[in-house]
Amino acid sequence: SPALPAFQSKKVKPEHKVITSSNHIEKEPSKEVVNLKKIQNKLAESLRLSLHYFSPPSWPTKKEDLINLDLDKLLEFPLNNFFDTYEKNLTELIGQYQEHASTAEKRAEAADEKLHNVRKLVMQLLKPSLSFTQDSEENEEIGDNVDEILAAVVKETNKLPDT
92 SPALPAFQSK KVKPEHKVIT SSNHIEKEPS KEVVNLKKIQ NKLAESLRLS
142 LHYFSPPSWP TKKEDLINLD LDKLLEFPLN NFFDTYEKNL TELIGQYQEH
192 ASTAEKRAEA ADEKLHNVRK LVMQLLKPSL SFTQDSEENE EIGDNVDEIL
242 AAVVKETNKL PDT
């Protein structure tokens with residue numbers, strides 16, 4: 092991967108000299124350099140957190156190790172490969188959920204069809220004990236309400252005296 096260009100400010104003040112108690116002269120970084128270091132650290136921390144959060148399950152580096160990468164390792168990190176792997180895993184996961192949803196929908200449709208067929212059979216069993224004077228369209232509606240009709244027939248049957 093291509094090296095990242097170094098960030099340079101157009102106007103960087105020179106470093107200031109600081110005299111310590113041991114009369115040793117040290118250079119104090121300018122405010123711009125300090126600000127650039129803060130920005131660099133903040134960006135590095137944001138990248139570490141992003142890598143940790145979006146780490147694909149199949150990525151060879153552990154999440155705990157990603158959060159501790161130093162700046163040199165972050166600069167060398169294969170981001171394109173990382174996000175290609177993330178996208179591939181996410182696409183597979185979505186595919187699995189879609190397949191699961193499709194399978195569940197097919198099972199629900201099959202169960203609905205079975206229920207409809209059982210209701211038709213129950214209505215055929217109940218027809219001799221019921222009087223139908225309505226036309227066939229209303230009979231279809233009765234077929235859709237078979238649960239209520241069956242409950243009423245069972246209730247009436249339980250009221251009959253034992254013979």
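Whatever position you read off the sequence shown (first residue = 1), add 91 for the working numbering. In this text, a Cβ means the ideal position worked out from N, Cα and C, and glycines have one as well.
Quick check on the burial criterion: 16 or more other C-beta atoms within 10 angstroms. Buried or exposed for residue i?
i	result
Leu142	buried
Ser146	buried
His191	exposed
Arg198	exposed
Leu140	exposed
Leu157	buried
Which stretch, first to last residue, makes up the alpha helix (DSSP H) that contains residue i?
i	result
Phe174	170-217
Asn126	122-145
Thr248	237-250
Lys154	154-157
Asp163	162-167
Look at the Cβ atom of residue i, then the Cβ atom of residue j, and state whether they are nearer than 8 Å.
i	j	result
Leu181	Leu138	no
Leu217	Leu241	yes
Val237	Ser220	no
Leu162	Ala135	yes
Our contact map puts residue i next to residue j with C-beta atoms below 8 Å; I'd like the distance itself, whole angstroms only.
i	j	result
Phe174	Trp150	Going by Cβ atoms, the distance from Phe174 to Trp150 rounds to 11 Å, so no, they are not a contact pair.
Considering only the alpha carbon of each residue, which of the options lies closest to residue i?
i	options	result
Leu184	Lys250, Asn249, Ser121, Pro148	Pro148
Met214	Gly186, Glu239, Leu127	Glu239
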